[in-house]
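Contents: one structure, followed by commentary.
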Amino acid sequence: MSHTDEAQPRQIAIFDTSLRDGEQAPGFSMNTAQKLKLAHALRKLKVDVMEVGFAAASPGDAEAIHAIASEIGYLPDAPMLCSLSRAMEGDIVAAERALGPAKRSRLHLFFGTSDLHLAAKHRMEKPEALATIERAIRMAKGRFTEIEFSAEDALRTDPAFLKEALECAAAAGADVLNVPDTVGYTSPEEIYALFADLTANVARPDHVVFSTHNHNDLGMAVANSLAAVRGGAGQVECTINGIGERAGNCALEEVVMALKTRPDHYRATSGVETREIFAVSRLLGEVTGNAPPRNKAIVGRNAFAHEAGIHQHGVLADRRTYEIMSPEDIGLPSNALVLGKHSGKHALRARLEALGQGELGDNRFEKLYADFKRLADTRREVTDNDLCDLLAEDGRGH
Ligand code: KIV
Ligand code: ZN
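The sequence shown begins at 1 in UniProt numbering and counts up by one.
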C-alpha cells in the first residue's frame, strides 16, 4: 500500500439487517407491505447490503423477500439483497427461490462455532462442524452473487477454531467472513485485537471482506463495531434505531455518523446518504409502533434540542458550541431550542423574533419573561401557542 493510499479513508460497507435481525425482536415483526415500505427507504439511504429476511423461517418471510426482490432488486441502484440461511440444503433452496428476481443476491449462511453452540445446538465435534460449513457453502456457491459466512457466537469461540472455521469457509467460496458478537459480550479492546489478528492471519482470497456484527447486551454494540473497523473490518452489520434481539444491534445511524464526524479518527467512511437517516428512523418507528426514546443518539427527539439557557445562548451564538453534527446532515431542517424552565432570555427573544414579535420594548419583554418563567415551572415545555397566549394576555393588560 502506498503512502497516499494509507492517507485515504477506507469506505466501509453498510449491511442493514433491520428487516431480519431487527424484526426478530419481540414487538418489531413486520408484514410484507411494511417491509416493502422500509426497503424503499433503505434504498434511498444507500445502504450497500439489505438483509431482508430469513426465507426458511416462514412462508411470510419468504414472500416478503420475494416481493422486495421483485420490486427493488432489479433497479439500477438497488443494494445487494440478502437472506439468512442455516447450513442446510432446504434453507439454501428457500433463499434462492425467494431472492430469485434480484439482480444481485447474497446468501448469509451461519453456523455456531463456540463450544457452547457446538455442544448445545449442533451436538457436533469440531471436524464435523467444519465439514458441514464446507458442504453448505459449496452447495450454495454459484447460486447467489455472493456468499457470506457467519461464525455465530464468534466472540466466545476458541480463537484457533474460529480461524479454522473462517479459513474453511473462505476456501469453500465465502466472499464475506462475518465475526458476530451474538450476545454482546465483547469489549472494544478485545474486538479490536481480534480483528487485527484475523485480518492479518486468516488465509483467504484477496477479495474476501471481514464483517462485524454486534449486539448491545452491555450497551457497547456501536463502540465494538467501530473498534472492529479500526481493527480492519470492511463491513458493519447494523439496524435502524438499533432494533434487534434483546437489547438490539449496532445502530446504523450512530456508526454512520461517527464515521462522518470523525473520519480521521476511524480512517473510514460510508456511502450512506445521511440526509435520509431521520426519515427512515421515523418510518420504522411508525411502522412498528416503537419510536426511539427521546434521548436516543442521532435520531431521538432531544438529539438536536436544547433547553438549558447557557446552552441555548451558546448555540445561538455559534451552534458548534453544543453540537458536533448538523441536524441538516441527518435530514432534520433545524435544531430545536425548546423553551422550558431552564431557558433564558436569549432563547425567548429568538423565539419571539421567529414568531414575528421581536419588537417588544424592554419593559414588555421583562414582564413577558417573568410570566414565561412562571408558566414554565408548571409544565415540561412552553410551546409557541403558549407564548402567543401569554402575548395576548399581556396585550389585553395594556
Ligand atoms: O447475532 C448473530 O450471530 C446473528 C447471526 C445470524 C449473524 O444474527
Ligand atoms: Zn445478530
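Note that beta-carbon positions come from the ideal geometry of N, C-alpha and C, so glycine has one too. As the structure is a computational prediction, the values presented were derived from the model and not from experiment.
Endpoints, alpha helix (DSSP H) assigned at residue i
i, result
"Ile-191", "188 to 201"
"Ile-330", "Run containing Ile-330: none; DSSP gives neither H nor E here."
"Asn-214", "Unbroken run through Asn-214 is the beta strand (DSSP E), 209 to 214; no alpha helix (DSSP H)."
"Ala-354", "345 to 354"
"Gln-312", "309 to 317"
"residue 423", "The question about residue 423 has no answer here: the residues shown for the chain are numbered 1 through 398."
"Ser-225", "221 to 231"
"Ala-64", "59 to 71"
"Leu-218", "It is not in any alpha helix (DSSP H) - Leu-218 carries neither H nor E in the DSSP assignment."
"Thr-288", "277 to 288"
Sequence-distant residues of its chain with Cβ nearer than 7 Å to residue i (five each side left out)
i, result
"Asn-290", "Gly-27, Phe-28"
"Arg-294", "Gly-300, Arg-301, Asn-302"
"Gln-357", "Leu-391"
"Leu-218", "Gly-184"
For residue i, the first and last residue of its enclosing beta strand (DSSP E)
i, result
"Met-50", "49 to 53"
"Arg-97", "Note, Arg-97: premise wrong, no beta strand (DSSP E); alpha helix (DSSP H) at 89 to 99."
"Ile-14", "10 to 16"
"Arg-106", "105 to 112"
"Ser-29", "It is not in any beta strand (DSSP E) - Ser-29 carries neither H nor E in the DSSP assignment."
"Glu-237", "235 to 238"
"Arg-86", "80 to 86"
Nearest candidate by alpha-carbon position, reference residue i, set the options
i, options, result
"Ala-174", "Ile-147, Asn-249, Asp-197, Asp-318", "Ile-147"
"Thr-269", "Phe-278, Ala-279, Pro-101, Ala-258", "Ala-258"
"Ala-193", "Leu-155, Asp-16, Leu-375, Gly-22", "Leu-155"
"Asn-363", "Arg-204, Gly-395, Glu-381", "Gly-395"
"Glu-273", "Ala-41, Lys-345, Arg-267, Ala-251", "Ala-41"
"Gly-231", "Gly-184, Ala-55, Leu-198", "Leu-198"
"Cys-250", "Ser-225, Phe-210, Gly-234, Pro-263", "Ser-225"
"His-122", "Ala-87, Arg-104, Leu-99", "Ala-87"
"Lys-260", "Ile-310, Leu-284, Ile-330, Ala-55", "Ile-330"
"Lys-373", "Gly-142, Glu-307, Ser-334, Leu-355", "Glu-307"
"His-346", "Asp-377, His-313, Pro-327, Glu-366", "His-313"
"Ser-334", "Arg-319, Val-49, Leu-352", "Arg-319"
"Leu-332", "Ala-305, Thr-288, Phe-365", "Ala-305"
"Ala-140", "Leu-337, Glu-63, Arg-204, Ala-172", "Ala-172"
Proximal residues to residue i (C-beta, below 6 Å), its chain only, five neighbours per side dropped
i, result
"Ser-114", "Asp-153, Arg-156, Thr-157"
"Ala-228", "Ile-191, Phe-195, Thr-212"
"Ser-85", "Asp-91, Ile-92, Ala-95, Leu-107, Leu-109"
"Ala-102", "Ala-69, Gly-73, Leu-81"
"Glu-63", "Thr-32"
Chain-order list of residues whose beta-carbon lies under 8 Å from that of residue i (same chain, five-residue window excluded)
i, result
"Lys-124", "In the sequence as displayed, the identity of residue 124 is Met instead of Lys. Excluding residues within five positions, the ones whose Cβ falls inside 8 Å are Leu-118, Thr-132."
"Ser-2", "Unreliable positioning characterises Ser-2 in this predicted model, as indicated by a pLDDT of 43, which lies under 50. The coordinate reading is nonetheless provided below. Cβ within range, chain order: n/a, list empty."
"Asp-77", "Arg-43, Lys-46"
"Thr-4", "Confidence at Thr-4 is low in this model, with a pLDDT of 48, below 50, so the placement of that residue should be treated as unreliable; the coordinate-derived value is given next. If we look at Thr-4 and ignore the five residues flanking it on each side, it has no Cβ neighbours."
"Leu-116", "Asp-153, Arg-156"
"Ile-243", "Ser-18, Gly-22, Glu-23, Ala-25, Phe-28, Asn-249, Leu-284, Thr-288, Asn-290"
"Glu-134", "Cys-168, Ala-169, Ala-171, Ala-172"
Residue i at chain C interface by Cβ criterion, 9 Å
i, result
"Ser-225", "Here there is only one protein chain, and chain C is not present."
Ligand 4 heavy atom lying under 8 Å from the CB of residue i
i, result
"Pro-26", "This structure lacks ligand 4; the ligands present are ligand 1 and ligand 2."
Q: Entirely within the region 142 to 176 and at least 4 residues each: give me those alpha helix (DSSP H) ranges in chain order.
A: 159 to 172
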